[in-house]
Amino acid sequence: INSQKEFDNWHFQKCKKLKSEFLKIYKFKITFGQSQKWINMTMKYLFALGEKRIKNIETNYEYFHIPIDNIVQNELAKIGIPKFKMAWSKLDSYEEYLDYQKKVRGLIKNQIPMDFEFKLFNKSKL
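In structure tokens:
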């Protein structure tokens, strides 16, 4: 992966795959909101384990999406990014989800999104 656009496409494909596999195996429908949280938290945890444990995890870190949940949405709303009109777990439009990620990127232009999210999440716990 060599660009944000490539990563976004990879992410979309993984979210679709997770949704379809969950339906096929468990006969249970999950939303893009749920699949993004699962994938994004997995990426966050893998990164937190570090390069020594997960080889090359840092390679595409700058492109990782921030996990969207109530905590993150509440903090982002304070700085001008409105929350989804429905619960994040009910969101089933990848386009709407990706638009939210792009708004975050636009707001924090010179920061890596996950670095920003780490600070944002920890700030909410103070």
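Final position of the sequence shown in the working numbering is 129; the numbers increase by one with none missing. A virtual CB, placed ideally from N, CA and C, is assigned to each residue, including glycine. Keep in mind that this is a model prediction, so the values were computed, not measured.
* Contiguous alpha helix (DSSP H) assignments of at least 4 residues, all confined to the segment 65-126 -> Whole alpha helix (DSSP H) segments, 4+ residues: 73-81 and 97-110.
* Ends of the alpha helix (DSSP H) at residue 24? -> Per DSSP, residue 24 belongs to the alpha helix (DSSP H) from 7-29.
* Asked: If you follow the alpha helix (DSSP H) that residue 45 is part of, which residue opens it and which one closes it?
  -> Segment 35-52, the alpha helix (DSSP H) holding residue 45.
* Min CB distance residue 34 to chain B below 9 Å -> Absent from the structure is chain B; it holds one protein chain and no more.
* To do: For residue 70, count neighbouring Cβ atoms within 10 angstroms of its own Cβ and tell me buried if that reaches 16, exposed if not.
  => Under the 10 Å beta carbon count, residue 70 is surrounded by 16 or more other beta carbons and is classified as buried.
* Measure the CB-CB distance between residue 15 and residue 101 and report whether it falls below 9 Å. => Yes, Cβ-Cβ distance for residue 15 and residue 101 is below 9 Å.
* Asked: Touching or not, the segment 92-100 and the segment 43-60, by the rule of three or more beta carbon pairs under 8 Å?
  -> Contact between the segment 92-100 and the segment 43-60 is absent: fewer than 3 CB-CB pairs across the two stretches fall below 8 Å.
* Exposed or buried, which one is residue 120 when buried takes at least 16 other CB atoms within 10 Å? -> Its Cβ being crowded by 16 or more others within 10 Å, residue 120 is buried.
* **Any 3 or more C-beta pairs closer than 8 Å across the segment 57-65 and the segment 27-37** => No contact exists between the segment 57-65 and the segment 27-37.
* Hey, how far is the Cα of residue 117 from the Cα of residue 27? -> So the alpha carbons of these two residues sit roughly 31 Å apart.
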